[in-house]
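Asker: Would you mind keeping the following structure in view while I ask a few things?
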Amino acid sequence: MPKKILIFIEQRENKLKKTSYETATVAHSIASALGYETEAVVIGGEIENINTIQSYGLNKIVHFKNSDLINYSSSAYKNIVSGYAKETGAEYVIFPNSSLGKDLAPLVSVNLNAGIIMDIIDFTINDNTITLTRPVYAGKALMDVKFNSDVKVFTLRPNVFKPVSSDSSTEIEIRNVDNPNLTNRVTESKKSEGKLDVAEADIIVSGGRGMKGPENFHLIEELADALGAAVGASRAVVDAGWRPHREQVGQTGKTVSPSLYVACGISGAIQHLAGMSSAKYIVAINKDKDSPIFNIADYGIAGDIFEILPAFTEEVRKLKA
Amino acid sequence: MKIAVCVSHVPDTATKIKIGSAEKIIDPAGVTYIINPYDEFAVEEALKLKEKFGGDSEVTAVSVGNDANKETIRKALAMGVDKGILLKTDVETDSYFVASALSGELKSGGYDLILFGKQSVDFDNSITGQLTAEMLGYNCISVVVLLNIDGNKITAEREIEGGREVISTELPAVITAQKGLNEPRYASLKGIMAAKKKVIEEKVLTDIQNKTEILKLRLPSPKNPGRIIGTDKSAVPELVRLLREEAKVI
């Protein structure tokens, strides 16, 4: 029997999340290098788009089905994933580094007596040994890490690995779950008013103290809306109560890796730069041309934010019209 | 109610990281160490619960590390925690090591609730609370922004992508605290003086192994200096063109 790599694929409201395809792609690539097989576990009710993961190079998908498991339950999920990992003798178990993955992966790793490494952005394989790279100090440094354990658990940062589909079509096995252990479970989900979350967004438009007051954030929201972006904020404006903490980007907020980060009226404190500097492209709009934000911005406009932002929004709207 | 709060001793978030000589840890020269910012929310919540439940409620702060960690334990004591425990080791530890040490210490203590910060701001793993919970067989809720305890029932809200989840579970439990859970109090002068008289028990750790190994710590490659393409709104069309044609991100 070939050795196994097991991945956990996540659904929300019975739809697979985007990270599922990224995780499958990474598992397939590691399995090809090591000569292993890949299997996936998905837990939930009737999952609407489950067939879309069939062409991502997995050898098998097992759908653990129970309508009580549409919402996350750490007590039930950890039993299912750990149980299946033991059944298959999986050497690797991979999760997305999502809020659910970060909660679940450590519980599973204890059950498997496995080492665990979080938030992977890169990996290399030499002589059948995998070296994983992760950001530390909110991205101010990178750390290469390896496992000293037989079973290995790790999580992948969302948005970093590009999903690649293949021609294969994977069998899906359905297993009904009787009496799941629901001692720890989600009883209600509340969506925030904002449209997109900074942790998942591909484009982020962020505002800082240069916005002068919460009443001016509609300029940020309008540009974000035109770009299909999430709204972010610096710590200073969150601490001042202008914006909610969930929007905070930086060392005591969220560390993000979008394709495009537009920093508006943000001078660039070291804690903020740490949280966003791995964005693929950074645009800075700020009055002070000597602000540290311009040292890491790909493109900058050193001018009046209140004049430039509306023009930027208008130009994007024209482009998309 | 018997509460433990686990605290981590970390470099100040304003620290500019320099790589140490062995390329496995940072150069500690000139670095100021502080109590992990998220752990302050955990300490505050522990103190609020102690005030709420009263009686013989007690809060113990526990930290894994070397003598320097006493400074962080003292900070918790100054805020109002009753006593401290330092689980001493001089080796570099991974989260599994820390959780093994904590669960080994906490398992016989009869704790109803164990609080952590949701992550430490050095290694950013965000797993030590969950690992400890599972090793102890306690229920766990991570990244908590709202906590209610009624008898042995817990209802908490945790932050997720794009919203919050309401979670129900039971004591004994581990909670990891997110910013927003509360507003940490400042240590009063009286608290700071009182902390000097409080006991920090020290226990030397042996026989615990890491399950991961740091091979190399390095700095990310510096970004190429960008360009300032203008100083007023006349630069906007060029900016949008570059984002579309050169960067291909819009």
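Protein chains in written order, with my numbering: chain A, 1 to 321; chain B, 1 to 250. Cβ atoms here follow ideal geometry from the backbone N, Cα and C, with glycine treated the same way. The structure displayed is predicted, hence computed values, not measured ones.
#1: State the beta-bridge partners of K254/A as determined by DSSP.
#2: Establish whether the CB of Q251/A and some CB of chain B are separated by less than 8 Å.
#3: Which first and last residues belong to the beta strand (DSSP E) in which P135/A is found?
#4: At a CB distance below 7 Å, what residues from the segment 230-247 of chain A approach chain B? Give them in sequence order.
#5: Could you give the distance in angstroms between the alpha-carbon of A284/A and the alpha-carbon of E48/A?
#6: If contacts are defined as beta-carbon pairs under 8 Å, then A302/A and K289/A qualify, I think. What distance do you get, rounded to the angstrom?
#7: Any idea what DSSP makes of I220/A, helix, strand or coil?
#8: For T206/B, would you say it is in contact with chain A, using Cβ-to-Cβ distances shorter than 8 Å as the test?
#9: Taking Cβ-Cβ distances below 7 Å as the criterion, which residues of the segment 57-91 of chain B are in contact with chain A?
#10: With DSSP as the reference, please indicate the residues paired to V262/A in a beta bridge.
#11: How many Å lie between M143/A and R218/B at the Cα?
#12: Taking only three categories from DSSP, how would you classify I70/A?
#13: Look at the Cβ atom of P251/B, then the Cβ atom of D122/B, and state whether they are nearer than 8 Å.
#14: Please name the residue in I174/A, I305/A and P258/A whose C-alpha comes closest to that of H218/A.
#15: Is the shortest distance between the beta-carbon of C6/B and the beta-carbons of chain A less than 8 Å?
#16: I need the boundaries of the alpha helix (DSSP H) containing L49/B, first residue and last residue.
#17: Three-state secondary structure (DSSP) at G84/B?
#18: On the three-state DSSP scale, how would you describe A177/B?
#19: First and last residue of the alpha helix (DSSP H) that includes F154/A?
#20: Give the residues of chain A in contact with P225/B, contact being defined as C-beta atoms less than 8 Å apart.
#21: Is it true that the CB of K3/A sits closer than 8 Å to the CB of Y36/A?
#22: Count Cβ pairs between the segment 102-122 of chain A and the segment 237-254 of chain A that sit closer than 8 Å; are there 3 or more?
#23: Taking all protein chains shown into account, do 16 or more other C-beta atoms lie within 10 angstroms of the C-beta of K211/B, making it buried, or fewer, making it exposed?
Answerer: Quick look at the numbers:
#1: Answer is V249/A, bridged to K254/A.
#2: Chain B places a beta carbon closer than 8 Å to that of Q251/A, counting this residue as a contact.
#3: Looking at the DSSP string, the run of the beta strand (DSSP E) that includes P135/A is T129 to V136.
#4: Along the segment 230-247 of chain A, going in chain order, the ones with a CB nearer than 7 Å to a CB of chain B are H245 and R246.
#5: Using only the alpha carbons, I get a separation of about 40 Å.
#6: A Cβ-Cβ distance of about 4 Å is found for the pair A302/A and K289/A, placing them in contact under the 8 Å criterion.
#7: Helix.
#8: Closer than 8 Å: no.
#9: Cβ contacts with chain A come from no residue of the segment 57-91 of chain B.
#10: Answer is V205/A and V283/A.
#11: Cα-Cα distance, rounded: 6 Å.
#12: DSSP places I70/A in coil when its eight states are reduced to three.
#13: There is no way to answer for residue 251/B, as the model of chain B reaches only from 1 to 250.
#14: Answer by Cα proximity: I305/A.
#15: For C6/B, the closest Cβ of chain A is not nearer than 8 Å.
#16: Residues P37 to F53.
#17: Strand at G84/B.
#18: A177/B falls in the strand class under three-state DSSP.
#19: If you look at F154/A, you'll find it isn't in any alpha helix (DSSP H); it sits in the beta strand (DSSP E) that goes K152 to L156.
#20: Simply N295.
#21: Yes, the pair counts as a contact, with Cβ atoms nearer than the cut-off.
#22: At 8 Å Cβ cutoff, the stretches do not touch.
#23: Burial check for K211/B: the Cβ neighbour count within 10 Å reaches 16 or more, so the residue is buried.
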